Every structure is written in structure tokens, then in C-alpha cells.
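The number in my numbering is simply the position in the sequence shown, starting from 1, with 24 added.
Even glycine gets a Cβ: it sits at the ideal position worked out from N, Cα and C.
Quick caveat: nothing in here was measured; it's all calculated off a predicted structure.
Shown next, in C-alpha cells, is the structure this report addresses.
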Amino acid sequence: VLDDAQMKELAEIAGRLAMDVLIEVHDGEELERVLPLDLLLVGINNRNLRTFETSLQTSLDLLAMIPAGRIVVTESGIHTINDVALMRRNNINTFLVGEAFMTADEPGEKLRDLFF
25 VLDDAQMKEL
35 AEIAGRLAMD
45 VLIEVHDGEE
55 LERVLPLDLL
65 LVGINNRNLR
75 TFETSLQTSL
85 DLLAMIPAGR
95 IVVTESGIHT
105 INDVALMRRN
115 NINTFLVGEA
125 FMTADEPGEK
135 LRDLFF
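Structure (C-alpha cells):
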């Protein structure tokens, strides 16, 4: 885990290299550490890393703390078109989907099921 100074330094290096930075948070405390970096992208992981359970409510709860103009990436827990619709209704339009594709017999069909 990086301390605040390390996060800032690495974000600045990435900026000089014309790279975007996506820092993942799991809770409000982590989000409060990341917000001062003024990054365009903020990833919210919906998976509890202790229990491995997912809750889309995590993204919805933390969204209220994120200033306008940031791109929120909701990560983990997206399994159905209803999950995608819930996020879109709350202006979250960027998704990191892994498990749903990895466990699908036909990942391409799963992609269509989720987004089309």
C-alpha cells in the first residue's frame, strides 16, 4: 500500500508520461486519500476483499463523495443488464467487468447481454 506522498509522486510521473491514472478505492477512507490527487479517473471496487462478497451499493455510496467532472469506474459485481442499468441511472458509465466474463461459457454473449 502506497502512502499519500508515494501516490502523488507516481501520479505526477504518470502525468509526465501522458498516462492516465486509475486508483482503486474500497471505502470512504481510501477515497478521501485519493481525492486530493485530482485524478480524472476514480475506480470503486465493489468487492469486499475480506469476504469477497460484492455490493453495488459501495459504488452508489461513494459516488456522493466524488466531485463532478471525475469519471467513476465501477469495478466488480456487474453480472446482469439490470446491474449496468442501475449504474447508468446514477451516471456511472464506465465498468470493469471480470468475473462475469471469466465464468461465462460464451464471454462474447455475456458482453452483449450486459451492454446491448
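Starting from Val-116 and walking both ways along the alpha helix (DSSP H), at which residues does that stretch end?
Per the sequence presented here, residue 116 reads as Ile, with Val not at that position. For Ile-116, no alpha helix (DSSP H) run applies, since DSSP gives it neither H nor E.
Would you mind working out which of Asp-129, Phe-139 and Asn-114 sits nearest Ile-105, comparing C-alpha positions?
Of all alpha-carbon atoms in Asp-129, Phe-139 and Asn-114, the one lying nearest the alpha-carbon of Ile-105 is that of Phe-139.
Quick one: is Ala-37 buried, meaning 16 or more other Cβ sit within 10 Å of its Cβ, or exposed?
The question names Ala, yet the displayed sequence has Ile at residue 37. With fewer than 16 neighbouring CB atoms inside 10 Å of its own CB, Ile-37 falls in the exposed class.
Every unbroken beta strand (DSSP E) inside the segment 61 to 110 [3 residues or more]
Here the runs fully enclosed are 65 to 69 and 95 to 99.
How would you write the range of the beta strand (DSSP E) that Leu-46 sits in, first residue to last?
Annotation: the continuous beta strand (DSSP E) that includes Leu-46 extends over 46 to 49.
Measuring alpha carbon to alpha carbon, tell me which of Gly-132, Glu-99, Gly-122 and Pro-131 ends up nearest Ile-116.
Ranked by Cα distance from Ile-116, the options Gly-132, Glu-99, Gly-122 and Pro-131 are led by Glu-99.
Just verifying my parser: in three-state terms, what is the DSSP assignment at Leu-120?
Shown here, Leu-120 sits in a strand according to DSSP, grouped into three states.
Between which two residues does the alpha helix (DSSP H) containing Leu-34 stretch?
Leu-34 -> alpha helix (DSSP H) spans 28 to 40.
Reduced DSSP secondary structure (H/G/I, E/B, other) of Asp-137
Helix, per DSSP.
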